[in-house]
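Start counting the sequence shown at 9; every next residue gets the next number (the working numbering). First up is the structure itself, then whatever we jot down about it.
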Amino acid sequence: MINIKPLKAFTDNYIWLLETNEEVSVVDPGDAKPVLDYLSKTNKNLRDIFITHHHFDHTAGVPELENIISGSIYGPKNSYELINEKVTQGDTLSSLGIKFEIIEVPGHTLDHIAFYNEENNILFCGDTLFAGGCGRVFEGTFDQMFESLNKLKQLPDSTQIYCGHEYTKSNLLFSVEVEPKNNDLIMRNTEIDNLLTEHGSSLPSSIGLEKKTNPFLRCDVLSDNMHLIKKIGLDNPSEKEIFKYIREWKDSK
Ligand SMILES: [Zn+2]
């Protein structure tokens, strides 16, 4: 039996745990302490570490954890130096009996990857796709980020999204500005406070929910949103132009 649990780090980071009865693997340990505390509390051993991208808040716990892992540190090539199993698009790996496929998703950073398990509908996607939003474009281009999000959008609706930050509330507030008439989004926005209070987390989300409520996955639909198209000020903007516009709009907040 496999479980997935969040550990919180810093103000809004998630370190995801993949857990069996005896062992855990962790995704993006930006801080070692919550992981070490969890291991000592549960008397479990650490198997593998997954890294989605090189940013400090996703990797800084690795030096303290690398000596106690019994497995590997999986992550992208040309990335964080302590990664010892470099993986790329289409590669597969197995951790705690669960097989993951690698999806390259550059944009937020150039090295960014996601870990996907089809059988159990698991997606660890770091800072690429967030619940209600997407990561900032720091190293790649807007086109790259658009293509990366489109790759994730092709996954089954039932895919559970385990992303790197709890940004959902502020993302939804912005998304409602982009799509004030999207009823699914309005509903989601009214439920977010309760969800955070009752569960302490808005995650996981799902690809199906994001396709209905996340404007960054809805650039095809947004071309019918005349209010937005007028704001953009282009005749017939492409999906990529719409994406760039709303990403820059969010950045300016
Ligand atoms: Zn990042």
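We treat Cβ as the ideally placed atom computed from N, Cα and C, and that holds for glycine.
Counting of Cβ neighbours within 10 angstroms places residue 216 among the exposed residues, the total staying below 16.
Of 219, 173, 169, the smallest CA-CA separation from residue 192 is found for 219.
Excluding five sequence positions before and after residue 148, the CB atoms of its chain that fall closer than 6 Å to its own CB belong to 114, 115, 118, given in chain order. One Cα belongs to residue 248, the other to residue 141, and the distance between them is close to 16 Å.
In terms of side-chain proximity, the C-beta atom of residue 259 is found no nearer than 8 Å to any non-hydrogen atom of ligand 1. Those residues placing their Cβ nearer than 7 Å to any heavy atom of ligand 1 are, following chain order, 61, 63, 65, 66, 116, 117, 134, 135, 143, 172. Of 222, 66, 254, 127, the smallest CA-CA separation from residue 102 is found for 127.
For residue 68, the CB contacts under 6 Å within the same chain, skipping 5 residues up- and downstream, are 38 in chain order.
For residue 175, no alpha helix (DSSP H) segment is defined, and its DSSP state is neither H nor E.
Contact between the region 64-79 and the region 28-43 is established, with three or more Cβ pairs separated by less than 8 Å.
For residue 154, there is no enclosing beta strand (DSSP E); the residue is part of the alpha helix (DSSP H) that begins and ends at 150-161. Bridge partners of residue 24 according to DSSP: 14, 35. Unbroken beta strand (DSSP E) runs of no fewer than 3 residues, entirely contained in the region 24-97, are found at 31-35, 53-58, 81-84, 93-95, following chain order. Under DSSP, residue 132 shares a beta bridge with 123, 170. Taking a cut-off of 8 Å on C-beta distances, the region 207-216 touches the region 156-166, as three or more cross pairs fall below it.
Scanning its chain for C-beta atoms nearer than 6 Å, with the 5 sequence neighbours on each side dropped, one finds around residue 152 the residues 114, 115, in chain order. Burial state of residue 64 is exposed, judged by a 10 Å Cβ sphere holding fewer than 16 other Cβ atoms. Proximity to residue 211 across 131, 228, 77, 155 peaks at 131, based on C-alpha coordinates. The DSSP-derived three-state label of residue 19 is coil.
Spanning the alpha carbons of residue 61 and residue 90 requires a straight line of approximately 12 Å.
Short of 7 Å from the beta carbon of residue 223, and not among the five residues preceding or following it, lie these beta carbons of its own chain, in chain order: 183, 186, 187, 230, 254.
Counting along the chain, no alpha helix (DSSP H) covers residue 147, and no H or E run does either.
Collapsing the DSSP output to three states places residue 189 in coil. When beta bridges are read from the DSSP output, residue 109 appears opposite 100, 124.
Take residue 154, set aside five residues on each side of it, and the residues of its chain with a beta-carbon closer than 6 Å to its own are 248, 251, in chain order.
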